[in-house]
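A short write-up of the structure that comes next.
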Amino acid sequence: MKLSIITINYNNAAGLQKTMQSVASQQLCNLEVEHIIVDGNSTDESVAIIKDYARDIEEKSLHLALKWISEPDNGIYNAMNKGIRM
27 MKLSIITINY
37 NNAAGLQKTM
47 QSVASQQLCN
57 LEVEHIIVDG
67 NSTDESVAII
77 KDYARDIEEK
87 SLHLALKWIS
97 EPDNGIYNAM
107 NKGIRM
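In my numbering, the protein residues as written are 27 to 112.
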């Protein structure tokens with residue numbers, strides 16, 4: 027079974043980092059976990075934090091698939107729909 031977690035973000039680097047730490051720390055047996063991050067082209071440190079998170083997943087061999095995108099969107103519902111399509 028696969029669990030997909032969709033996180034949307036726009037200029038909330040601190041909140042995004044807390045969310046990513048929470049997702050990465052989950053202990054879910056026999057479950058494939060996919061974390062989808064949809065960033066609305068943030069101008070803060072969000073993209074750098076996502077890239078660090080991707081490196082951590084790879085270096086620590088976490089059982090977590092990461093998909094992410096950073097591009098302008100038309101608001102929260104548009105971002106959520108992008109995540110669902112991903």
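Note that beta-carbon positions come from the ideal geometry of N, C-alpha and C, so glycine has one too.
query	result
Near LYS45, which residues of its chain fall below 6 Å by C-beta distance, leaving aside the five closest residues on each side in sequence?	Note on residue identity: the sequence assigns Thr, not Lys, to residue 45. Only THR33 meet the Cβ criterion.
Assign GLY101 to buried or exposed, taking buried as 16 or more other Cβ atoms, counted over all protein chains shown, within 10 Å of its Cβ.	exposed
Just reading off the beta strand (DSSP E) that ASN104 is part of, what are its end residues?	Segment 102-111 is the alpha helix (DSSP H) holding ASN104; no beta strand (DSSP E) there.
Since LYS28 is in the beta strand (DSSP E), which residue starts that stretch and which ends it?	28-35
Rounded to the nearest angstrom, how far is the Cβ of LEU29 from that of VAL59, given a contact under 8 Å?	5 Å
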